[in-house]
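So for the sequence shown, this note's numbering puts the first residue at 60; every next one is plus one.
I have placed the structure first, in the form of structure tokens, so that the comments after it can refer back to it.
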Amino acid sequence: IATLLCYFRVRSTSTFFSSFIHFFPQVTRSFHTMSSFFAKALTLGALAAPMIVSAAPSSMVKKSQIITTSAKQAAVDLCGTADNLVLYDTPWIVYNMFYGAASSVGTQCTRYDHVVTPSTGNKEIVWSAETNIQYVKATDNVPKGYAFVGLTQNLETTISGISSIPTTYTWTRTNTTAFKGNVCYDFMTSNTKGDSTTSNAQELMLWLQYEGGQLPIGWAAGAKATINNLFGTSWKLYEGKNDDTGITVHTMMPEKQFDGSFSGDLKLWLEALVQHGTFKDSTYVNVGNAGTEYFYGNSNLNATLGLQINLN
Numbered sequence: 060i061a062t063l064l065c066y067f068r069v070r071s072t073s074t075f076f077s078s079f080i081h082f083f084p085q086v087t088r089s090f091h092t093m094s095s096f097f098a099k100a101l102t103l104g105a106l107a108a109p110m111i112v113s114a115a116p117s118s119m120v121k122k123s124q125i126i127t128t129s130a131k132q133a134a135v136d137l138c139g140t141a142d143n144l145v146l147y148d149t150p151w152i153v154y155n156m157f158y159g160a161a162s163s164v165g166t167q168c169t170r171y172d173h174v175v176t177p178s179t180g181n182k183e184i185v186w187s188a189e190t191n192i193q194y195v196k197a198t199d200n201v202p203k204g205y206a207f208v209g210l211t212q213n214l215e216t217t218i219s220g221i222s223s224i225p226t227t228y229t230w231t232r233t234n235t236t237a238f239k240g241n242v243c244y245d246f247m248t249s250n251t252k253g254d255s256t257t258s259n260a261q262e263l264m265l266w267l268q269y270e271g272g273q274l275p276i277g278w279a280a281g282a283k284a285t286i287n288n289l290f291g292t293s294w295k296l297y298e299g300k301n302d303d304t305g306i307t308v309h310t311m312m313p314e315k316q317f318d319g320s321f322s323g324d325l326k327l328w329l330e331a332l333v334q335h336g337t338f339k340d341s342t343y344v345n346v347g348n349a350g351t352e353y354f355y356g357n358s359n360l361n362a363t364l365g366l367q368i369n370l371n
């Protein structure tokens, strides 16, 4: 058990540092290890009770990790730069990724509230993100972090091996100052199982709503394609390489932004990129999450998310 916890702690910490310089950072690089971790830990009975795991001391990282079930976990605010909550009776981890804290004037918290099971039978998680970051001209185009709910189950599977990725995402945002940021899905794929950090990996972003002038990587080069009739609208596809990581980012922006509600099967998104030639259906889906990126502003996002991967 101790070995498993040590592995998880070190893996997550190293993942944080590797993603710190990512222009659109995603800490979910480590999530492909989690399914196997949970399987081993559950076999050993390691997760029989809630646990708090702290990362190794660091002047750059303030991190705590809670591993528990949704039935046992009360509402909690995650305000450290890498605080996260693993709910192992669900397919999710809740993560407060405030990777730009050192260059920010202000605070960021991600709140887990509770899990519900609607009539559809698929669980949904109620969560929120509170951003209070002052506008600073010198860093107004630098993303400060990402608050999100990430998948921990049925990853490292080829697109062809996935039957569906049903999702519902509802949100309200209240801004008390000018705010720059978005609401999005973010996935990582690769021809190599488990790869989400090398230049062979690909980052896929589906922006649902954005404001404050946020633009995707590759914007200056113009849209590479238009994807029609997907989730009730048309999408512009932008592509560009993250110079820090070497990873190519593929961002789809809707012709008409979604106003607080989105639902659909995200496998259709992946299949649209297969048809475009971004990758083949034999590529692996190694990371998947939904959340909000933020640059500056005082803003509260209240959200309910349903997201899971179903296999053939």
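Every residue gets a Cβ at the ideal spot worked out from N, C-alpha and C, and that includes glycine.
Run through DSSP, which three-state label would residue i get?
i: I224; result: coil
i: S341; result: coil
i: V164; result: coil
i: I306; result: coil
i: Q261; result: strand
i: L214; result: coil
i: L406; result: Nothing in the structure corresponds to residue 406, since the chain is present only between 60 and 371.
i: L137; result: strand
i: T363; result: strand
i: L41; result: Any property of residue 41 remains undetermined from this structure, which presents the chain solely from 60 to 371.
i: T285; result: strand
i: L274; result: coil
i: T198; result: helix
i: Q268; result: strand
i: Q334; result: helix
i: A237; result: coil
Nearest to residue i by alpha carbon, out of the options?
i: T169; options: A197, T226, N143, F317; result: N143
i: H173; options: V195, G253, Q334, I152; result: I152
i: G139; options: N155, T128, F207; result: N155
i: M312; options: N371, Y244, S358, E189; result: Y244
i: D378; options: V164, S129, A141; result: The requested residue 378 does not occur in the structure, where the chain is confined to residues 60 to 371.
i: P225; options: G356, W328, K339; result: W328
i: T307; options: S293, T257, Q273, S222; result: T257
i: K182; options: T292, T227, N234, G356; result: T227
i: A331; options: L364, S358, A284; result: A284
i: Y355; options: D302, V201, Q124; result: V201
If we ignore side chains and look at the alpha-carbon of each, how far apart do residue i and residue j end up?
i: N259; j: A282; result: 22 angstroms
i: E270; j: A279; result: 18 angstroms
i: T236; j: G319; result: 19 angstroms
i: V333; j: G277; result: 19 angstroms
i: Y353; j: A362; result: 15 angstroms
i: W230; j: W266; result: 14 angstroms
i: N369; j: V195; result: 43 angstroms
i: Q268; j: L296; result: 15 angstroms
i: D324; j: D136; result: 30 angstroms
i: L210; j: L366; result: 8 angstroms
i: H91; j: D340; result: Because the pLDDT of H91 is 37, which lies under 50, any placement of that residue in the model is unreliable, and the question is left without a value.
i: V208; j: E314; result: 25 angstroms
i: F238; j: L360; result: 11 angstroms
i: H309; j: V185; result: 28 angstroms
i: N287; j: V175; result: 33 angstroms
i: W294; j: F317; result: 12 angstroms
i: A141; j: T248; result: 23 angstroms
i: G165; j: P275; result: 24 angstroms
i: T217; j: E298; result: 22 angstroms
i: E189; j: K252; result: 34 angstroms
i: L364; j: F290; result: 17 angstroms
i: F338; j: K326; result: 14 angstroms
i: G272; j: V242; result: 13 angstroms
i: S322; j: D302; result: 33 angstroms
Does the beta-carbon of residue i have 16 or more other beta-carbons within 10 angstroms, so that it is buried, or is it exposed?
i: G240; result: buried
i: G305; result: exposed
i: P150; result: buried
i: G336; result: exposed
i: E215; result: buried
i: G180; result: exposed
i: S178; result: exposed
i: T132; result: It is Gln, not Thr, that sits at residue 132 in the sequence shown. So Q132 counts as buried.
i: T233; result: exposed
i: T292; result: exposed
i: S187; result: buried
Suppose the cutoff is 7 angstroms on Cβ atoms and the five residues either side in sequence are ignored; what does the same chain contact list for residue i look like?
i: F246; result: L263, V344, V346, G347
i: D254; result: A260, N345
i: N191; result: G165, T166, N357
i: S219; result: D340, S341
i: Q193; result: V164, G165, Y355
i: S223; result: D324, K326, N369
i: A160; result: T140
Skipping 5 residues on each side, what residues in its chain have a beta carbon closer than 6 angstroms to that of residue i?
i: V145; result: I126, I152
i: S162; result: T198
i: D134; result: One detail in the question is off: residue 134 reads as Ala in this sequence, not Asp. Closer than 6 angstroms at the Cβ level, and outside the excluded window around A134, lie D172.
i: N250; result: T342
i: K300; result: T307
i: G350; result: Y205, A206, F207
i: M119; result: Here the model assigns M119 a pLDDT of 41, short of 50, so the residue's position is not dependable, and the following value carries that caveat. Nothing listed; no residue qualifies.
Leaving aside the five residues before and after residue i along the sequence, list all residues of the same chain whose C-beta is less than 8 angstroms from its C-beta, in chain order.
i: N213; result: S94, P150, I221, Q367, I368, N369, L370
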